[in-house]
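Residue numbers (the numbering used here): 22 to 191. Virtual Cβ for every residue (Gly too), placed ideally from N, Cα, C.
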């Protein structure tokens with residue numbers, strides 16, 4: 022079996038965010054997709070060890086900020102290679118807090134989706150959260166960054182906690 026065939030599946034680059042009381046956190050995610058159109062349901066895959074998972078579990082809400090291709094690598098790293106347990110990820114980032122308490126990243130984002138958790142599926146290391154869309158807005162223009170673009174053009178790597186991590190891959 023060749024796990025590299027999985028590189029032919031299409032993914033994007035997103036910041037999934039949530040809150041726990043007044044505390045905010047967000048992380049890079051690539052496994053985000055629409056499940057249904059009536060009602061609009063979105064699925065996200067989040068590692069159980071990530072702080073964002075804890076916040077989504079607690080608040081039962083999340084937002085997805087869609088990153089554009091021009092997003093600087095250092096910005097991706099702020100949300101993708103650092104933990105919210107040690108750093109305040111929203112420090113020095115333009116964002117807005119929605120009435121639900123969830124933050125939306127404004128920097129480098131084309132649009133956002135807000136969702137309320139409607140179900141979840143335990144997948145071992147990750148949880149798939151199903152969210153009923155409760156809000157959305159276009160924020161800017163540009164092309165959404167794909168995971169392929171992130172790897173090929175930005176020369177990004179896949180962290181061990183990502184659902185698309187392949188052991189032994191360089």
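Residue burial classification, residue i (beta-carbon count within 10 angstroms, cutoff 16)
i: residue 166; result: buried
i: residue 135; result: buried
Per DSSP, cross-strand counterpart(s) of residue i
i: residue 161; result: In DSSP, residue 161 forms no bridge with anything.
i: residue 137; result: 82 and 153
i: residue 38; result: 47 and 84
i: residue 125; result: 117
i: residue 33; result: 167
i: residue 25; result: Bridge partners of residue 25: none, in fact.
i: residue 148; result: 67 and 143
Distance cut-off 7 Å: residue i Cβ against heavy atoms of the ligand SAH
i: residue 53; result: Absence of the ligand SAH is noted for the structure shown, with no ligands found whatsoever.
Three-state secondary structure (DSSP) of residue i
i: residue 101; result: helix
i: residue 54; result: strand
i: residue 70; result: coil
i: residue 61; result: strand
Distance between residue j and residue i (C-alpha atoms, nearest Å)
i: residue 80; j: residue 37; result: 13 Å
i: residue 23; j: residue 29; result: 12 Å
i: residue 26; j: residue 66; result: 20 Å
i: residue 73; j: residue 39; result: 6 Å
i: residue 57; j: residue 158; result: 19 Å
i: residue 118; j: residue 44; result: 11 Å
i: residue 42; j: residue 77; result: 11 Å
i: residue 109; j: residue 123; result: 15 Å
i: residue 129; j: residue 174; result: 17 Å
i: residue 91; j: residue 55; result: 24 Å
Original post:
Taking three-plus beta-carbon pairs below 8 Å as touching, is the region 80-98 in contact with the region 149-166?
Top reply: With the cut-off at 8 Å, the region 80-98 and the region 149-166 touch.
**OP:** Indicate whether the contact test is met: 3 or more Cβ pairs, each with one atom in the region 92-102 and one in the region 45-55, closer than 8 Å.
**Re:** yes
Subject >> Cβ contact (3+ pairs, closer than 8 Å) linking the region 107-118 and the region 143-155 >> reply: no
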